[in-house]
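Enquirer:
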Amino acid sequence: MRLIANIADWFDRRVQLGGPIRETLEHPVPRQAASWFYVFGSAALTVFVLQIVTGILLATVYVPAAGQAWDSLQVLNREVTLGWFIRALHGWGSNFMVAIVFIHMVQVFLFGAFKFPRELTWLAGVFLLLMTLGMAFSGQVLRFDQDAYWGLGIGAAVSSRIPLVGPWLVSSLLGGPIIAGATLSRFFALHVFVIPGILIAIVGLHVLLVLKLGINEWPRPGRPVSRETYLREYRELTRKEGEPFVPDAVWKDVVFSGFILLSIAACALYFGPIGPGGQPNPTIIQTVPRPDFFFLWLYAVLSLLPSSLETPAMLIGPAIAVLVLLALPFVSGEGEKSWRRRPMAVLIVMLAVVAFGTLTDVARDAPWSPVMDAWSGEPIPAKYLTKRTALERQGALVFQAKQCHNCHALDGKGGQRGPALDAVAVRLTHDQLIRQVIQGGGNMPAYGKNLSPAETNALVGFLETLHPAGQAAAQDASRRHTHETNAAPSSSPPR
Amino acid sequence: MNLPGGISRRGLFLKLAVLFNALVGIILAVPIVRYIFSPMIRQRRPGYASWISLGSLNNFPAGETRLATYRNPVVNPWDGVTADIACWVRHVDTENFQVFAINCAHLWCPVRWFPQSSLFMCPCHGGVYYADGSRAAGPPERGLFQYSYKVEGDSLFIKAGEMPTPTLAANIKPGGPRCA
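Just so you know, the sequences run in chain order B and G. The opening position of the first sequence corresponds to residue 1 in this note's numbering, with each subsequent residue numbered one higher. The opening position of the second sequence corresponds to residue 1001 in this note's numbering, with each subsequent residue numbered one higher.
1) Give me the residue from B/Ala300, B/Ser338 and B/Thr311 with the minimum Cα distance to arginine 364 of chain B.
2) When we look at the beta-carbon of glutamate 236 of chain B and count the other beta-carbons within 10 Å, is it buried (16 or more) or exposed?
3) Could you tell me whether the Cβ atoms of serine 138 of chain B and isoleucine 195 of chain B are closer together than 8 Å?
4) Taking only runs that begin and end inside the stretch 1036 to 1119 of chain G, name each unbroken alpha helix (DSSP H) of 4 or more residues, in chain order.
5) Using 8 Å for Cβ pairs, my map puts glycine 83 of chain B next to leucine 76 of chain B. What's the rounded Cβ distance?
6) Quick one: which residues of the stretch 420 to 436 of chain B get their C-beta closer than 9 Å to a C-beta of chain G? List them in chain order.
7) Between leucine 451 of chain B and alanine 189 of chain B, what straight-line distance do the alpha-carbon atoms span, to the nearest angstrom?
8) In chain order, what are the residue ranges of uninterrupted alpha helix (DSSP H) at least 4 long that sit wholly in the stretch 154 to 218 of chain B?
9) Mind pulling the chain G residues with CB within less than 7 Å of glutamine 279 of chain B?
10) Please list, in chain order, the residues of the stretch 72 to 98 of chain B that have any C-beta partner in chain G closer than 9 Å.
11) Report, in whole angstroms, the separation of the C-beta atoms of isoleucine 1102 of chain G and alanine 1086 of chain G, which I expect to be a contact under 8 Å.
12) Just to confirm the assignment: which complete alpha helix (DSSP H) runs, minimum length 4, are found wholly within the stretch 274 to 336 of chain B?
13) Hey, quick one: how far does the beta strand (DSSP E) through serine 376 of chain B stretch, first residue to last?
14) Please work out which residues of its chain come closer than 8 Å, Cβ to Cβ, to glutamate 119 of chain B, disregarding the five sequence neighbours upstream and downstream, and give them in chain order.
15) Could you spell out the range, first to last residue, of the beta strand (DSSP E) harbouring alanine 1136 of chain G?
16) Ends of the alpha helix (DSSP H) at lysine 256 of chain B?
17) Ordered along the chain, which non-local residues of its own chain (more than five positions away) have a Cβ less than 8 Å from that of tryptophan 70 of chain B?
18) Helix, strand or coil: how does DSSP classify isoleucine 21 of chain B here?
19) In the DSSP output, which residue or residues are listed as bridge partners for alanine 1160 of chain G?
20) Tell me, which residues are paired with lysine 413 of chain B by DSSP?
21) Looking at the structure shown, is tyrosine 62 of chain B part of a helix, part of a strand, or coil, going by DSSP?
22) Spell out the partners DSSP gives methionine 1121 of chain G in its beta bridges.
23) Can you grab the Cα-Cα spacing for the pair glycine 204 of chain B / leucine 45 of chain B, in whole Å?
24) Measure the Cβ-Cβ separation of valine 39 of chain B and phenylalanine 256 of chain B and say whether it is below 8 Å.
25) Quick one: list the residues of chain B neighbouring leucine 1084 of chain G, beta-carbon separation under 7 Å, in chain order.
26) For chain B, find out if any of its Cβ atoms is closer than 8 Å to the Cβ of phenylalanine 1157 of chain G; answer yes or no.
27) Is it true that the stretch 459 to 468 of chain B meets the stretch 1143 to 1150 of chain G, where meeting means three or more beta-carbon pairs spaced less than 8 Å apart?
28) Starting from the beta carbon of phenylalanine 1100 of chain G, find every residue of chain B whose beta carbon is closer than 8 Å, and list them in chain order.
29) For alanine 43 of chain B and isoleucine 100 of chain B, which I take to be in contact (beta-carbon distance under 8 Å), what is that distance rounded to the nearest angstrom?
30) Mind the definition here: the stretch 382 to 400 of chain B touches the stretch 440 to 449 of chain B only if three or more C-beta pairs lie below 8 Å; say whether that holds.
31) Between which residues of its own chain and valine 500 of chain B is the CB-CB distance below 7 Å, once the five residues before and five after are set aside?
32) Would you call phenylalanine 48 of chain B buried or exposed, if buried means 16 or more other Cβ atoms sit within 10 Å of its Cβ?
33) Give me the chain G residues within the contact set of isoleucine 179 of chain B, using Cβ-Cβ distance strictly less than 8 Å, ordered along the chain.
34) On a Cα-Cα basis, can you pick out the residue from B/Gly242, B/Asn95 and B/Leu269 that is closest to isoleucine 86 of chain B?
35) Could you tell me the distance, in whole angstroms, from the CA atom of glycine 153 of chain B to the CA atom of threonine 1165 of chain G?
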């Protein structure tokens, strides 16, 4: 022990950092800030370190060349000893990192920690959030599979809509005219050098600011922040109620970080590595690209927006969101910190959570996507075929053969792009059905050119049988009248 | 020692040294920026597109729409399968063709052709197109992107080499020039 102390002493006489480090570790923090709510920042930092370590380990095998990247991931998954586990740690670490960074931001927002004098800490945090999302997207690209390929396509398609510079931006983003080797190399450089470098620099600034300005005190209702008095009040607080960060406050951070690392390892062990999916071969078009979990909400937004709003929303929306986040500490730099006195803040968080949660949930089902193989893979339920005439069954055949099932569900199976047709006959009369099939409309293609009159007749015949037992099919009142008057003379047919 | 104007000799040297380094910085920055944006410079001059054969006309029976693939003309040795691009060829009649990009005009997912209902459907956000590539339903704001094509001898050629964008498509005459 004495030898170790002597060696440490020998080093410290030269580098002279022992004193400042000790001082930093033991700096007083307000007692109530040593709380389980204050552990997310340090947990994000811990996961970031895990990502660096596992990332370097993966880089010893991964080949960032479009022709071999997918194969090298297969080698990692199957041949390199525990390669699958390192990949799983890195993949699940990324999911946890995005989640923890968001939770950290919500906590900081609700606790008013962005207010004077911690505005710059918040700004650095906003950039850290953007960089984390940048890492998440570029990481998904490095998992070079079909989802990565078509995900890049979506990124390029969005860029191509920017007025004037669109096409140039696309070729700069892709590193060439198409998604290929140069694209993957660019994203490799971004994911491994550029963004981590920026992240490390901003994390340094972020942590430095937390140390210099002190951790945010536990917000108490009725104690608003004022630029004139805050610094003095905070000094008073730490002098009176302060306790050293190490060891009194830090143990909760250490426990939570350990818990998070263990959770990541458990997910990695249980769920295994994420992908890769099918080969990034653009000629394999039998694919249904889906984004990773944390971009599902965006996938939903892009499907649900009316097309006229889409380009403005894609190009201006993110810029506005970032500007609002950046402006927050300047617009609301003083005043109440406690969420108990900031109902709008609580409402905004609730609205955001409900909106993101709903969009993510909807995107997991993706009801707007046609089910591309429903026409050949989902048979029409037998109950819709029994006691039907030959013409009606022929119509059911047309329904399958013309891919109607891809967009319309029967008995809960098939696409949900259009309305389910289990009770369509109650909603639409014979004539309305024919019009809808032939002319389309309301987001349905017109089938007029693609169906012969006989096929239309059969199809509509089948659709007219789709109504619940005991509930009559819709009928055109005038048509019924004509039928009845026409039918009257022959009501008693000659035997 | 102060020069007239209150500037010290060393202060002047420092300013000159900073100016010298600024010049060196610019000299280095120009090639670096050109390197980063080289794909863009290449795109403007000489451009990426060239005429590529999609193979014999016999592969594309009249009245049908078939999937064709080609190797992108601008390619790196390590591009692997990513440089193989697919497109849809519609043989309208005799020498009339339409060659559609595989990418949906919405967000570039690969569209699939369903000959039974004569529709292209996109698996991502539900874009649908008619046989002639015009928009039928869903979020796309326009029809499918088309390549220029020509028939030479027994082969169908298209002008390709770059991912389709709305701006590029505006410069392409759908149908394109026809040579016998």
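For glycine and all other residues, C-beta sits at the position ideal for the given N, C-alpha and C.
Expert: Reading it off the structure:
1) Counting from one through the first sequence, the residue named residue 364 of chain B turns up at place 364. If we check each option's Cα against that of arginine 364 of chain B, B/Ala300 comes out closest.
2) On the first sequence, residue 236 of chain B is found 236 positions in, with the first residue counted as 1. Counting Cβ neighbours within 10 Å, glutamate 236 of chain B comes out exposed, since fewer than 16 surround it.
3) On the first sequence, position 138 is the one that residue 138 of chain B refers to. On the first sequence, position 195 is the one that residue 195 of chain B refers to. Contact flag set, yes.
4) As far as the stretch 1036 to 1119 of chain G is concerned, its whole alpha helix (DSSP H) runs of at least 4 residues are 1038 to 1044.
5) Here residue 83 of chain B refers to the residue found at position 83 when the first sequence is read from its first residue. Here residue 76 of chain B refers to the residue found at position 76 when the first sequence is read from its first residue. Glycine 83 of chain B to leucine 76 of chain B, Cβ: 4 Å. Contact.
6) The residues in question: there are none.
7) Translated into the one-based positions of the first sequence, residue 451 of chain B becomes position 451. Translated into the one-based positions of the first sequence, residue 189 of chain B becomes position 189. Their backbone Cα atoms lie some 53 Å apart in a straight line.
8) 166 to 174, 181 to 189 and 195 to 213
9) If you number the first sequence from 1, residue 279 of chain B lands on position 279. Simply Val1081.
10) none
11) The count along the second sequence starts at 1 and reaches residue 1102 of chain G at position 102. The count along the second sequence starts at 1 and reaches residue 1086 of chain G at position 86. With a Cβ gap of about 5 Å, isoleucine 1102 of chain G and alanine 1086 of chain G count as contacting.
12) Counting whole runs of 4 or more residues, the stretch 274 to 336 of chain B contains the alpha helix (DSSP H) stretches 296 to 304 and 307 to 331.
13) Position 376 of the first sequence, counted from the start, is the residue given in the question as residue 376 of chain B. No beta strand (DSSP E) contains serine 376 of chain B, which is instead part of the alpha helix (DSSP H) from 374 to 377.
14) What you label residue 119 of chain B is simply residue 119 of the first sequence in a count that begins at 1. Excluding sequence neighbours, glutamate 119 of chain B sits near Pro329, Phe330 and Gly333.
15) Counted from its first residue, the second sequence places residue 1136 of chain G at position 136. Run containing alanine 1136 of chain G: 1135 to 1137, per the beta strand (DSSP E) assignment.
16) Here the question's residue 256 of chain B lines up with position 256 in the first sequence. The sequence shown places phenylalanine at residue 256 of chain B, rather than the lysine named in the question. Run containing phenylalanine 256 of chain B: 250 to 271, per the alpha helix (DSSP H) assignment.
17) Numbered from 1 along the first sequence, position 70 holds the residue referred to as residue 70 of chain B. These residues qualify, in order along the chain: Phe144, Asp145, Pro276, Gln279 and Pro280.
18) Within the first sequence, numbered from 1, the residue matching residue 21 of chain B stands at position 21. Helix at isoleucine 21 of chain B.
19) Walking along the second sequence from the start, residue 1160 of chain G turns up at place 160. Alanine 1160 of chain G pairs with G/Ser1050.
20) Here residue 413 of chain B corresponds to residue number 413 of the first sequence, with the count starting at 1. DSSP lists B/Leu410 as partners of lysine 413 of chain B.
21) The residue labelled residue 62 of chain B in the question sits at position 62 within the first sequence. Coil, per DSSP.
22) Here residue 1121 of chain G is taken as the residue at index 121 of the second sequence, counted from 1. Note: methionine 1121 of chain G sits in a beta bridge opposite G/Arg1112 and G/Val1128.
23) Walking along the first sequence from the start, residue 204 of chain B turns up at place 204. Walking along the first sequence from the start, residue 45 of chain B turns up at place 45. When rounded, the distance between both Cα atoms is 10 Å.
24) Reading the first sequence from its first residue, position 39 is the one you call residue 39 of chain B. Reading the first sequence from its first residue, position 256 is the one you call residue 256 of chain B. Contact flag set, yes.
25) For this step, residue 1084 of chain G is matched to residue 84 along the second sequence. First, the residue type needs correcting, since residue 1084 of chain G is aspartate and not leucine in the sequence shown. Neighbours of aspartate 1084 of chain G on chain B, chain order: Asn281, Pro282 and Thr283.
26) Taking the first residue of the second sequence as 1, we reach residue 1157 of chain G at position 157. So no, phenylalanine 1157 of chain G is outside the interface.
27) no
28) Your numbering for residue 1100 of chain G matches position 100 in the second sequence. Result: empty, since nearest Cβ-Cβ is about 12 Å, beyond 8 Å.
29) Here residue 43 of chain B refers to the residue found at position 43 of the first sequence. Here residue 100 of chain B refers to the residue found at position 100 of the first sequence. Rounded, the Cβ-Cβ distance is 5 Å, consistent with contact.
30) no
31) Lying before the first or after the last residue shown, residue 500 of chain B is absent from chain B, which here runs from 1 to 495.
32) Taking the first residue of the first sequence as 1, we reach residue 48 of chain B at position 48. Classified as buried, phenylalanine 48 of chain B has 16 or more neighbouring CB atoms from the shown chains inside 10 Å of its CB.
33) Residue mapping note: residue 179 of chain B aligns to position 179 of the first sequence, counting from 1. Going along chain G in sequence order, the residues near isoleucine 179 of chain B (Cβ under 8 Å) are Thr1082 and Met1163.
34) As a working mapping, residue 86 of chain B is identified with position 86 in the first sequence. Selected option, being the one with the closest Cα: B/Leu269.
35) Working through the first sequence from its first residue, we reach residue 153 of chain B at position 153. Working through the second sequence from its first residue, we reach residue 1165 of chain G at position 165. Looking at the two C-alpha atoms, the distance is approximately 11 Å.
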